[in-house]
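**Student:** Below you will find the structure I want to go over with you.
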């Protein structure tokens, strides 16, 4: 007998009355002031899933432990320096950046800015859409920006782990990893030296490099406001400045890599205190 | 007979003081267990059926937390056999792999679950971003999450030095070399020397307790790895879990 039928039997509908017993529902507890809902008890439904996930994961780890042991090399010795010296894999992206940036940027300032930038995300993302499901179309700008950063982080890690050998030179998997590579033939020049070589006065060349770097950041500050007016107005001043200065920094590594590999430029700004 | 004995046990004052309710096989007790257990009350009593779907969370956050528990368990085991002394540490690890019962397995498990945790925390962050779960009212929980990611990396990194082998020494040498380039407070960083930073008073000196990675660095990393950072990350996790319960889950959860 269906539940509907039972309900009808217990309390037959009377058309003259404004109230009626609507439905009987199976259960062991009271439902007071509750909307109809499609919920389940955490015990046992979710706890079982958690337990199974943990056991499966533990089994996987134990399986790995049977054939792959934690590495242990010779005892630490200040006398023998390994070549190349590699940081743990998750920091190799930053170590790879050392090829392109000075340590104060690659090792300290950029990682700190990554942390600050990540923390800023929820406060600068004013798009209310796309909460609680995998959304592409409604959040294109946010998702592309995030993936752009995420991919950079992983590409640099992959390069550091798989393509860097002796003297931190580039090694393909099929190269002989025990043979030193001859130093690259191309010589690197600083931007001001290149500009000077083009016939500019040394001081003017210096000044131009300052202007170019300032121009890079100014462009990130000004252009979006001109290109996407309504979006910029919605963001407001504080969010706008945060988003686009972080974006300028997000593009810094690709730009630097491009200038280095394409034009053999070492630094595009040389100051008495730091080089960029 | 067994029934009567079970009833006798359940009626004792000791049992009653331990368990406030019967076995959770009905609605009432399934609710009560979630209220009365300090660990279980991280969960709500009921969740939407759709929240059980694997493809929304892919268990990434939960598994990160599980990795932390596993690392605590195996880490405590390892601590019984390890002395943070440059003359002993390496041999302790050697002994673990050959002479200590289950020592090799515990070390392997500690190593691989640490790597897994780094990866899982990253993947969890990626998932939370992609499903927009960081948006109001959960903004601050995302900030805590970024801190937890940082602590996870630092925990893994400080543990890297402890075996005191070549891999450890030089990886940490490379890493701490970066610290001396910190602007203002590192002697090789911009405006470092102008502010009076020397190799023996800057931020790197503070971190490794010397000018090279040696005994002081090992002790500092040991204390950071086994005490300071675990305390910090636990505090962060407590807030992280508390906030997600209070602020509510995103989407189908």
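Residue numbers (my numbering), protein chains in the order written: chain A, 1 to 276; chain B, 277 to 529.
Using N, Cα and C, we set each Cβ at its ideal position, and we do this for glycine too.
1. Can you check whether the C-beta of residue 364 of chain B is within less than 8 Å of a C-beta belonging to chain A?
2. Please list, in chain order, the chain A residues whose beta carbon lies closer than 7 Å to that of residue 383 of chain B.
3. Please report the distance separating the alpha-carbon of residue 137 of chain A from that of residue 26 of chain A.
4. Is residue 109 of chain A close to chain B? Criterion is C-beta to C-beta, closer than 8 Å.
5. Could you tell me which of B/401, B/374, B/312 and B/487 sits nearest to residue 463 of chain B, measuring between CA atoms?
6. Using the C-alpha atoms, what's the distance from residue 43 of chain A back to residue 24 of chain A?
7. Are the region 478-496 of chain B and the region 454-468 of chain B touching by the rule of at least three beta carbon pairs closer than 8 Å?
8. Quick one, are the C-beta atoms of residue 416 of chain B and residue 519 of chain B less than 8 Å apart?
9. Cβ of residue 252 of chain A within 8 Å of Cβ of residue 392 of chain B?
10. For the beta strand (DSSP E) holding residue 488 of chain B, just list the boundary residues, first then last.
11. How would you call residue 524 of chain B, buried or exposed, if buried means at least 16 neighbouring beta carbons within 10 angstroms?
12. Can you find a C-beta in chain A that's less than 8 Å from the C-beta of residue 392 of chain B?
13. Give the interface partners of residue 119 of chain A over in chain B, defined as CB-CB distance under 7 Å, in chain order.
14. Output yes or no for whether 8 Å exceeds the beta carbon distance between residue 297 of chain B and residue 308 of chain B.
15. So, helix, strand or coil for residue 518 of chain B, using DSSP?
16. Are residue 274 of chain A and residue 102 of chain A close, meaning C-beta to C-beta below 8 Å?
17. For the structure I just gave you, are there three or more beta carbon pairs, one from the region 151-168 of chain A and one from the region 85-105 of chain A, closer than 8 Å?
18. Need the endpoints of the alpha helix (DSSP H) that residue 265 of chain A sits in, please.
19. Would you mind stating whether residue 104 of chain A and residue 413 of chain B have Cβ atoms separated by less than 8 Å?
20. Does chain A have any CB closer than 8 Å to the CB of residue 441 of chain B?
21. Use the C-beta contact count for residue 1 of chain A: other C-beta atoms within 10 angstroms, 16 or more gives buried, fewer gives exposed.
22. Would you give the residue range spanned by the beta strand (DSSP E) that residue 41 of chain A belongs to?
23. Does DSSP put residue 323 of chain B in a helix, in a strand, or in coil?
24. Would a C-beta distance cut-off of 8 Å place residue 513 of chain B and residue 341 of chain B closer than the cut-off?
25. Go through the region 284-309 of chain B residue by residue and report every complete run of the alpha helix (DSSP H) that reaches 4 residues or more, in order.
26. Quick check on the burial criterion: 16 or more other C-beta atoms within 10 angstroms. Buried or exposed for residue 364 of chain B?
27. Apply the 10 Å Cβ neighbour rule to residue 278 of chain A and answer buried if 16 or more other Cβ atoms are within range, or exposed otherwise.
28. Alpha carbon to alpha carbon, how far is residue 318 of chain B from residue 192 of chain A?
29. Take residue 231 of chain A as the anchor and find which of A/127, A/154, A/187 and A/259 has the nearest alpha-carbon.
30. Nearest by alpha-carbon distance to residue 246 of chain A: which of A/134, A/259, A/256 and A/113 is it?
31. Which class does residue 1 of chain A belong to by DSSP, given the choice of helix, strand or coil?
32. Rounded to a whole number of angstroms, what is the C-alpha to C-alpha distance between residue 358 of chain B and residue 40 of chain A?
33. Output yes if chain A places a C-beta closer than 8 Å to the C-beta of residue 303 of chain B; else output no.
34. Could you check whether the region 417-431 of chain B touches the region 57-71 of chain A, counting it as contact only if at least three pairs of C-beta atoms, one from each stretch, sit closer than 8 Å?
35. Do residue 404 of chain B and residue 418 of chain B have their beta-carbon atoms positioned less than 8 Å apart in this structure?
36. Does residue 80 of chain A pass the burial test, meaning 16 or more other C-beta atoms within 10 Å, or should it be called exposed?
**Tutor:** Inspection of the coordinates gives the following:
1. Output row for residue 364 of chain B: interface = no.
2. Within 7 Å Cβ-Cβ: 70.
3. In a straight line, the C-alpha of residue 137 of chain A is about 42 Å away from that of residue 26 of chain A.
4. Yes, contact with chain B.
5. For the residues B/401, B/374, B/312 and B/487, the minimum Cα distance to residue 463 of chain B belongs to B/487.
6. Residue 24 of chain A and residue 43 of chain A have their C-alpha atoms roughly 24 Å apart.
7. Flag = yes, the region 478-496 of chain B and the region 454-468 of chain B touch.
8. Yes. Within cutoff.
9. It is not a contact, given that the beta carbons lie outside the stated cut-off.
10. Element bounds for residue 488 of chain B: n/a, residue is neither H nor E.
11. Residue 524 of chain B should be labelled exposed.
12. Yes, contact with chain A.
13. Going along chain B in sequence order, the residues near residue 119 of chain A (Cβ under 7 Å) are 419 and 422.
14. Yes, these two residues count as a Cβ contact at 8 Å.
15. The answer is helix: DSSP assigns residue 518 of chain B an H, G or I state.
16. Between residue 274 of chain A and residue 102 of chain A, the gap from beta carbon to beta carbon is short of 8 Å.
17. Of all C-beta pairs linking the region 151-168 of chain A to the region 85-105 of chain A, three or more are shorter than 8 Å, placing the two stretches in contact.
18. No residue range can be given for residue 265 of chain A, since it is assigned to no alpha helix (DSSP H) and is classified by DSSP as neither H nor E.
19. Cβ atoms of residue 104 of chain A and residue 413 of chain B: not closer than 8 Å.
20. So, interface residue.
21. For residue 1 of chain A, the predicted model reports a pLDDT of 45, less than 50, meaning its position is unreliable; a value from the coordinates is still stated below. Residue 1 of chain A is exposed by the Cβ-count criterion.
22. In the DSSP assignment, residue 41 of chain A falls within the unbroken beta strand (DSSP E) covering 39-41.
23. Strand, per DSSP.
24. In this structure, residue 513 of chain B places its C-beta atom within 8 Å of the C-beta atom of residue 341 of chain B.
25. Within the region 284-309 of chain B, the complete alpha helix (DSSP H) runs of at least 4 residues are 289-294.
26. Per the 10 Å Cβ criterion, exposed.
27. Absent from the model: residue 278 of chain A. The displayed extent of chain A is 1 to 276, so no value can be given.
28. Within the model, the alpha-carbon separation for residue 318 of chain B versus residue 192 of chain A is close to 59 Å.
29. It is A/127.
30. A/113 is the residue among A/134, A/259, A/256 and A/113 whose C-alpha sits nearest the C-alpha of residue 246 of chain A.
31. For residue 1 of chain A, the pLDDT reaches just 45, beneath the cut-off of 50, and the residue's location in the model is therefore unreliable, although a value from the coordinates is still provided. For residue 1 of chain A, the three-state secondary structure derived from DSSP is coil.
32. Going from the Cα of residue 358 of chain B to the Cα of residue 40 of chain A covers about 47 Å.
33. True, the Cβ-Cβ gap to chain A drops below 8 Å.
34. By the Cβ criterion, the region 417-431 of chain B is not in contact with the region 57-71 of chain A, since fewer than three pairs of Cβ atoms, one from each stretch, lie closer than 8 Å.
35. Going by C-beta atoms, residue 418 of chain B is nearer than 8 Å to residue 404 of chain B.
36. Residue 80 of chain A should be labelled exposed.
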